[in-house]
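Chemist: One structure, pasted below without further comment.
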Amino acid sequence: MMLIRDNREHWLPLLAAALVSAVLFYSGFFTFLFAVPVQVIFSRRGGERGLLAAGITVLLILVVHTVQAVRFSGPAGYVLLDVLTPVGLLAGLAFFNLARRYPWWLRLIAGGGIALVAAFPGLRALLLAGSGEGELSEQFRSMFAMMGVNQDWELWVDLITRIVLSSVGLALTAGIAANWWLGNGIVLRGAGAVQTLRHARVPDQLIWMVIIGLAVIIASWVSDVGTYAPVGWNLALVGGFLFSIQGIGLIQHLLHLRGVSPQGERWVLTVVLIAFFVPGMNILVAGGLPLLGMSELWIDYRRGDRYEGHTEQ
Numbered sequence: 001m002m003l004i005r006d007n008r009e010h011w012l013p014l015l016a017a018a019l020v021s022a023v024l025f026y027s028g029f030f031t032f033l034f035a036v037p038v039q040v041i042f043s044r045r046g047g048e049r050g051l052l053a054a055g056i057t058v059l060l061i062l063v064v065h066t067v068q069a070v071r072f073s074g075p076a077g078y079v080l081l082d083v084l085t086p087v088g089l090l091a092g093l094a095f096f097n098l099a100r101r102y103p104w105w106l107r108l109i110a111g112g113g114i115a116l117v118a119a120f121p122g123l124r125a126l127l128l129a130g131s132g133e134g135e136l137s138e139q140f141r142s143m144f145a146m147m148g149v150n151q152d153w154e155l156w157v158d159l160i161t162r163i164v165l166s167s168v169g170l171a172l173t174a175g176i177a178a179n180w181w182l183g184n185g186i187v188l189r190g191a192g193a194v195q196t197l198r199h200a201r202v203p204d205q206l207i208w209m210v211i212i213g214l215a216v217i218i219a220s221w222v223s224d225v226g227t228y229a230p231v232g233w234n235l236a237l238v239g240g241f242l243f244s245i246q247g248i249g250l251i252q253h254l255l256h257l258r259g260v261s262p263q264g265e266r267w268v269l270t271v272v273l274i275a276f277f278v279p280g281m282n283i284l285v286a287g288g289l290p291l292l293g294m295s296e297l298w299i300d301y302r303r304g305d306r307y308e309g310h311t312e313q
């Protein structure tokens with residue numbers, strides 16, 4: 001009986017987290033944050049059980065996708081191909097949690113890279129569809145026909161392809177960061193601790209990631225060859241995202257100097273998220289936060305602090 005109870009206490013939280021993650025993945029609205037329950041397991045129960053929860057989540061998603069592939073009237077392979085994206089994001093999240101000997105920004109870039117490699121087959125299929133090739137192209141044609149778009153539908157597919165290819169790195173990196181932040185925050189809040197980005201810093205050399213990305217974008221415009229433009233956009237956007245995290249941390253730091261409590265610092269993220277959905281403000285925030293983070297290249301707001309931390313009691 002003791003063995004059965006121990007096994008139940010070991011597996012039930014993992015199964016519950018995996019089930020909730022799978023439900024969130026298929027919910028539509030919360031798909032982007034589907035890995036939060038898995039992150040809760042990583043933060044609360046350690047790396048080994050976190051990996052088990054991630055693995056069970058993958059199995060559940062694979063089962064559902066397999067059922068969909070069997071019932072799908074089109075090419076079933078593309079339905080199964082969609083499994084690779086959540087698998088890659090979970091793998092990137094696992095790396096971020098397990099490789100703690102590396103700084104947070106490097107783990108985040110590497111985790112995003114892992115997720116991008118997993119998503120590559122799906123991106124290739126999308127690229128072929130954008131050029132009017134492959135079976136996925138026919139699926140796009142049918143979809144736009146149902147929407148009443150029977151002419152120039154290729155232009156819409158090409159636009160969607162460009163947007164996805166140019167922003168996929170940012171989406172995956174931000175997905176890993178958001179799932180880790182929320183999942184870890186749930187655990188810390190239960191223990192009476194508060195998360196903060198106040199000490200999150202990126203090395204000055206990371207500005208070259210943004211510069212090289214912008215240089216590739218400009219070169220693609222000048223040469224009128226847009227083949228490498230998505231590479232430039234991904235480099236610039238991911239680099240800008242990392243500096244945005246530093247910018248948020250800087251705002252929290254300045255508020256802390258003025259006596260604002262750690263609980264009050266959390267509202268910075270809330271205000272930023274709300275601003276992203278306000279027309280006009282979203283452009284200001286998306287451009288202002290990276291620039292604020294980059295300004296620390298020239299202005300030492302924190303007076304030499306070079307340590308990092310993520311929680312405060």
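The sequence shown lines up with residues 1 to 313 when you count with my numbering. For each residue, glycine too, the CB sits at the ideal point set by N, CA and C.
#1: Using the C-alpha atoms, what's the distance from residue 190 back to residue 299?
#2: Can you tell me whether residue 83 is helix, strand or coil according to DSSP?
#3: Measuring CB atoms only, is the region 236-250 touching the region 276-296, in the sense that at least three cross pairs come out at less than 8 Å?
#4: Using the rule of at least 16 other Cβ atoms within 10 Å of the residue's Cβ for burial, across every protein chain shown, is residue 96 buried or exposed?
#5: What separation, rounded to the nearest whole angstrom, lies between the Cα atoms of residue 205 and residue 67?
#6: For residue 375, I'd like the list of residues in its chain whose CB is within less than 8 Å of its CB, leaving aside the five on either flank, ordered along the chain.
#7: Name the residue from 282, 112, 12 whose alpha carbon lies nearest to the alpha carbon of residue 170.
#8: Using only CA atoms, which one of 86, 166, 106, 41 lies nearest to residue 220?
#9: Residue range of the alpha helix (DSSP H) that residue 241 falls in?
#10: State the Cα-Cα distance for the pair residue 50 and residue 14, rounded to the nearest angstrom.
#11: Rounded to whole angstroms, what is the Cα-Cα separation between residue 200 and residue 273?
#12: Given this structure, state the Cα-to-Cα distance separating residue 302 from residue 98, to the nearest angstrom.
#13: Are residue 93 and residue 179 closer than 8 Å when you measure CB to CB?
#14: Could you compute how far the alpha carbon of residue 107 sits from the alpha carbon of residue 43?
#15: In whole angstroms, what separates the C-alpha of residue 16 from that of residue 117?
#16: If I measure Cβ to Cβ from residue 35 and keep anything under 7 Å in the same chain, skipping five residues before and after, which residues do I get?
#17: What separation, rounded to the nearest whole angstrom, lies between the Cα atoms of residue 109 and residue 278?
#18: If you drop the 5 nearest sequence neighbours on each side, which residues of the same chain put their C-beta closer than 8 Å to that of residue 228?
#19: Where does residue 17 sit, in a helix, a strand or coil, going by DSSP?
#20: Rounded to the nearest angstrom, what separates residue 86 and residue 58 at their Cα positions?
#21: Secondary structure at residue 43, three-state DSSP: helix, strand or coil?
#22: Could you check what DSSP says for residue 306 in three-state terms: helix, strand or coil?
#23: Alpha carbons only, please: which of 56, 159, 28 is nearest the one belonging to residue 38?
#24: Nearest to residue 232 by CA position, among 104, 270, 47, 163, is which residue?
#25: Quick one: using the 10 Å Cβ neighbour count with 16 as the cut-off for buried, is residue 250 buried or exposed?
Modeler: The short version:
#1: Here residue 299 refers to the residue found at position 299 of the sequence shown. Here residue 190 refers to the residue found at position 190 of the sequence shown. A direct Cα-to-Cα measurement between residue 299 and residue 190 gives close to 37 Å.
#2: Here residue 83 is taken as the residue at index 83 of the sequence shown, counted from 1. DSSP places residue 83 in coil when its eight states are reduced to three.
#3: Yes, the region 236-250 is in contact with the region 276-296.
#4: For the purposes of this step, residue 96 is taken as residue 96 along the sequence shown, with counting starting at 1. With 16 or more other CB atoms across the displayed protein chains lying within 10 angstroms of its CB, residue 96 is buried.
#5: Position 205 of the sequence shown, counted from the first residue, corresponds to residue 205. Position 67 of the sequence shown, counted from the first residue, corresponds to residue 67. For residue 205 and residue 67, the distance between alpha carbons rounds to 48 Å.
#6: Shown here, the chain extends from 1 to 313; a query on residue 375 therefore has no answer.
#7: Taking the first residue of the sequence shown as position 1, residue 170 is located at position 170. With distances taken between Cα atoms, residue 170 lies closest to 112.
#8: Within the sequence shown, residue 220 is the residue found at index 220, counting from 1. Per the Cα distances, 166.
#9: For this step, residue 241 is matched to residue 241 along the sequence shown. Per DSSP, the continuous alpha helix (DSSP H) segment holding residue 241 begins and ends at 229-257.
#10: In the sequence shown, residue 50 corresponds to position 50, counting from 1. In the sequence shown, residue 14 corresponds to position 14, counting from 1. Those two C-alpha atoms are separated by around 8 Å.
#11: One-based indexing of the sequence shown puts residue 200 at position 200. One-based indexing of the sequence shown puts residue 273 at position 273. Each residue's Cα considered, the two are about 18 Å apart.
#12: If you number the sequence shown from 1, residue 302 lands on position 302. If you number the sequence shown from 1, residue 98 lands on position 98. Pairing residue 302 with residue 98, the inter-Cα distance amounts to about 29 Å.
#13: The sequence position of residue 93 within the sequence shown is 93, counting from 1. The sequence position of residue 179 within the sequence shown is 179, counting from 1. Yes. Within cutoff.
#14: Numbered from 1 along the sequence shown, position 107 holds the residue referred to as residue 107. Numbered from 1 along the sequence shown, position 43 holds the residue referred to as residue 43. Whole-angstrom Cα-Cα distance: 16 Å.
#15: For the purposes of this step, residue 16 is taken as residue 16 along the sequence shown, with counting starting at 1. For the purposes of this step, residue 117 is taken as residue 117 along the sequence shown, with counting starting at 1. Inter-residue distance for residue 16 and residue 117 is about 28 Å (C-alpha atoms, whole angstroms).
#16: Start at 1 with the first residue of the sequence shown, and residue 35 comes out as number 35. Non-local beta-carbon contacts of residue 35 in its own chain, meaning distances under 7 Å to residues more than five positions away in sequence, involve 21, 89, 90, 93, 179 in chain order.
#17: In the sequence shown, the residue the question calls residue 109 occupies position 109. In the sequence shown, the residue the question calls residue 278 occupies position 278. Rounded to whole angstroms, the separation of the alpha carbons of residue 278 and residue 109 is 28 Å.
#18: Indexing the sequence shown from 1 puts residue 228 at position 228. 216, 219, 220.
#19: Taking the first residue of the sequence shown as 1, we reach residue 17 at position 17. For residue 17, the three-state secondary structure derived from DSSP is helix.
#20: If you number the sequence shown from 1, residue 86 lands on position 86. If you number the sequence shown from 1, residue 58 lands on position 58. Residue 86 and residue 58: Cα-Cα distance of roughly 8 Å.
#21: Position 43 of the sequence shown, counted from the start, is the residue given in the question as residue 43. Secondary structure at residue 43: helix, using DSSP grouped into helix, strand and coil.
#22: Working through the sequence shown from its first residue, we reach residue 306 at position 306. Because the pLDDT at residue 306 is just 48, under 50, the model does not fix this residue reliably, and the value given afterwards should be weighed accordingly. Judged by DSSP in its simplified three-state form, residue 306 adopts coil rather than helix or strand.
#23: To locate residue 38, count along the sequence shown from 1; it is residue 38. Among 56, 159, 28, the Cα nearest to that of residue 38 is on 56.
#24: Position 232 of the sequence shown, counted from the first residue, corresponds to residue 232. Cα-wise, what sits closest to residue 232 is 163.
#25: The sequence position of residue 250 within the sequence shown is 250, counting from 1. Result: buried.
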